[in-house]
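Worksheet for the structure shown next.
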Amino acid sequence: MMRVKAVRFSAVLGFCLVFIFASSVFAANAPKAKAAPAKKGKIVWRVATVVPGGMGWSKRAKEILLPYIDRFTGGELDVKIFWGGIKGDDDAILRQVKRGELEGGGFSGYGTVAACREFSVLTLPFLFKNFDEVDFIRKSMYPEFDRHAENRGMKLLLWVDQDFDQIYSMKHDLTSLAKIRASHFVRWYGDIEKHLFTTLGVKSTPASITDINRIIGKGEVDAAIAPAMWVLGSQIFPFVKYILPVKVRYSPVTVMISKKVWNAAPEQYRIDYMKEREAITREFNDYSRKDSERCMRAMIAYGIVEVKIDQKEGAQLQAMAKTVWKRAAGDLYPQSLLDEVIAKLEQYRKAKG
């Protein structure tokens with residue numbers, strides 16, 4: 015058994031090395047902006063994130079977002095990124111942005127909601143069926159979420175995908191509601207997740223995203239809802255026995271800076287960036303979605319068992335989870351915003367047949 019595990023671990027390690035190498039090759043061969051030499055008056059934006067510097071999201075930021083910024087500012091804007099929680103978790107990063115100690119942050123799904131609560135409507139359980147629906151809502155409602163962020167004192171630079179988060183278990187096979195209820199979940203995603211666990215009658219323990227590895231490693235919890243890329247990249251996967259790949263929630267990842275910092279930037283920079291934002295979003299998501307799928311396949315190749323919940327109980331799980339939608343309205347997001355999202359999704363689904 016130990017030999018089998020060793021072989022599986024080698025397979026995953028090999029995947030990780032290939033993934034890192036491939037990303038590096040992409041970066042080396044991608045068209046590079048010709049940055050102007052640094053000048054005395056060069057603008058510096060300090061941006062922090064909990065994402066480790068070697069994970070897929072960070073690589074895509076380096077390969078896609080930063081070259082765009084370098085190009086349209088002629089190298090006059092230097093984005094200094096603090097990776098891997100060096101500046102603390104999402105809450106700590108947000109506080110530093112508010113105090114002017116950082117210009118901005120690259121926020122996880124939790125951090126996105128902490129920075130702009132209205133985003134929580136997009137993280138409702140089983141709201142979206144696929145990324146096509148996410149793309150439709152993003153394209154039609156990007157300006158509205160821009161306004162919500164600005165009302166919170168932030169400028170939404172980029173809204174891309176964390177993933178559709180799945181359920182991972184270190185103990186139970188999750189093939190029934192009873193087994194889900196028997197699990198002890200880590201709770202890291204905020205109020206919507208808390209509502210969900212309460213509705214399902216699930217025991218959970220709150221934790222900061224920077225503390226999840228520790229409590230899983232110590233066996234204090236035995237289940238989590240999380241994105242595949244993070245489970246693999248944060249080295250949690252050796253503890254995991256089962257994956258239930260249901261689309262529990264869509265999770266956005268955002269880059270936001272202080273509205274004050276944005277307004278102080280040269281007007282032409284702002285105009286040029288907003289012209290490019292849709293292209294940046296599309297390119298980033300094309301790669302990150304493929305990265306997430308590779309991570310899922312790698313963990314299954316390692317030996318984590320992919321399971322399915324009984325169809326009837328899966329429908330019951332969704333029906334129970336969706337009761338969170340209206341209960342959270344008026345507190346975490348306006349009822350009118352929920353109604354708008356639902357109406358747009360119904361319109362899209364009807365048009366698609």
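If you count the sequence shown from 1, you need to add 14 to reach the working numbering.
Heads up, the beta-carbon is just placed ideally off N, CA and C, and yes, glycines get one too.
All figures in this text were calculated on a predicted structure; none of them were measured in a lab.
Linking I57 to T268 through their CA atoms gives a straight-line distance of about 22 Å.
According to the DSSP secondary-structure assignment, G89 is paired through a beta bridge with no residue. Runs of the beta strand (DSSP E) spanning 3 or more residues and lying entirely within the region 224-292 occur at 237-240 and 256-272, in chain order.
Proximity of the region 304-322 to the region 254-265 meets the contact definition, three or more beta-carbon pairs being nearer than 8 Å. In the three-state reduction of the DSSP assignment, E77 falls in the helix class.
In the three-state reduction of the DSSP assignment, K143 falls in the coil class, being assigned neither a helical nor a strand state.
A straight line joining the alpha-carbon of D146 with that of K340 spans about 24 Å. In the DSSP assignment, I57 falls outside any alpha helix (DSSP H) and within the unbroken beta strand (DSSP E) covering I57 to T63.
A distance of 8 Å or more separates the beta carbons of W276 and K193. The Cβ-Cβ distance between V245 and T219 does not fall below 8 Å. Beyond the five residues adjoining it in sequence on each side, L138 comes within less than 6 Å, by CB distance, of W339 in the same chain, given in chain order. From the listed residues G317, Y264, S134 and P252, the smallest Cα separation to D149 is found for Y264.
Comparing alpha-carbon positions, the option among H209, L172 and L136 lying closest to Y287 turns out to be L172. With contacts defined as CB atoms closer than 8 Å, Q332 and F211 fail to qualify as a contacting pair.
Assignment of beta-bridge partners to E320 by DSSP yields I257. Taking the Cα positions, E117 is about 10 Å away from K94. Under the 10 Å beta carbon count, S122 is surrounded by 16 or more other beta carbons and is classified as buried. Contact annotation: S272 and G120 have beta-carbon atoms that are not nearer than 8 Å.
Proximity to F298 across V174, C309 and E290 peaks at V174, based on C-alpha coordinates.
D103 is the residue among D103, R85 and G89 whose C-alpha sits nearest the C-alpha of V61. Within the region 166-233, the complete beta strand (DSSP E) segments at least 3 residues long are 168-183, 198-201 and 217-220, listed from N- to C-terminus. Scanning S154, Y82, T224 and G88 for the CA closest to the CA of V64 turns up T224. Exclusion of the five residues before and after A293 leaves no residue of its chain whose Cβ lies closer than 7 Å to its Cβ.
For the 8 Å CB-CB criterion, E281 and I239 do not form a contact. Here K94 carries a strand assignment [DSSP, helix/strand/coil]. Per DSSP, reduced to three states, the secondary structure at G70 is helical.
In the DSSP assignment, Y347 is bridged to A343.
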